[in-house]
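The sequence shown lines up with residues -21 to -1, 1 to 91 when you count with mature numbering (1 follows the signal peptide of the UniProt record, and there is no 0).
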Amino acid sequence: MKGILVTLLMFLAVVVQLGEAINCGQVDATLVPCVPYLTQGGDPSGPCCDGVKSLVQMTPTQQDRQDACECMKAAAARYSNLKPDAASNLPSRCGVTTNIPISPTINCKSVP
């Protein structure tokens, strides 16, 4: 009986976590390893690409992607030296396909 209760509680914890909306703190923490690449160029680091992959997994719905887009847009505005080409090429440089364009000028409501 105790094992069933533990299993049920673990299942509920996963369901609650999956149902939570993404927030800017999560997006920022996920992509902070990308700041050197986005501001200085070069190649994105392994932790940066891991963050991009994680962000894709965290945004399964259109609303999640639009929310993440708004967060990235706000974060991009904080970096005056952000390289727009580096930002737009980040997913492909990490070997990731995503519907979230990384651009400080994107209309996030247009993200599918």
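The C-beta atom is built at its ideal place from N, Cα and C for all residues, glycine as well. Values in this document were obtained by computation on a predicted structure and should not be read as measured data.
Exercise. Could you tell me the boundaries of the alpha helix (DSSP H) in which residue 33 lies?
Key: Numbered from 1 along the sequence shown, position 54 holds the residue referred to as residue 33. Residues 25 to 37.
Quiz item: So what's residue 44 in DSSP terms, helix, strand or just coil?
Solution: Reading the sequence shown from its first residue, position 65 is the one you call residue 44. Helix, per DSSP.
Quiz item: Excluding five sequence neighbours on each side, which residues of the same chain lie with their C-beta closer than 7 Å to the C-beta of residue 5?
Solution: As a first step, residue 5 must be located in the sequence shown, where it is residue number 26. The beta carbon of residue 5 sits closer than 7 Å to those of 37, all from its chain and outside the five residues before and after it, given in chain order.
Quiz prompt | Rounded straight-line distance, which links the Cα of residue 69 to that of residue 18 | solution = By one-based count along the sequence shown, residue 18 stands at place 39. By one-based count along the sequence shown, residue 69 stands at place 90. Going by the C-alpha atoms only, they are around 12 Å apart.
Quiz item: Does DSSP put residue 22 in a helix, a strand or coil?
Solution: On the sequence shown, residue 22 is found 43 positions in, with the first residue counted as 1. Reduced to three states, the DSSP call for residue 22 is coil.
Exercise. For residue 90, name the three-state secondary structure that DSSP assigns.
Key: Taking the first residue of the sequence shown as position 1, residue 90 is located at position 111. In this structure, DSSP gives residue 90 a state outside helix and strand, which the three-state scheme calls coil.
Exercise. Label residue 8 either buried or exposed according to how many other C-beta atoms from any shown protein chain fall within 10 Å of its C-beta, with 16 as the threshold for buried.
Key: Locating residue 8 in the sequence shown gives position 29, counting from the first residue. Counting Cβ neighbours within 10 Å, residue 8 comes out exposed, since fewer than 16 surround it.
Exercise. Identify which residue in 58, 1 and 27 has its Cα closest to the Cα of residue 73.
Key: For the purposes of this step, residue 73 is taken as residue 94 along the sequence shown, with counting starting at 1. Ranking the options by Cα distance to residue 73, first place goes to 27.
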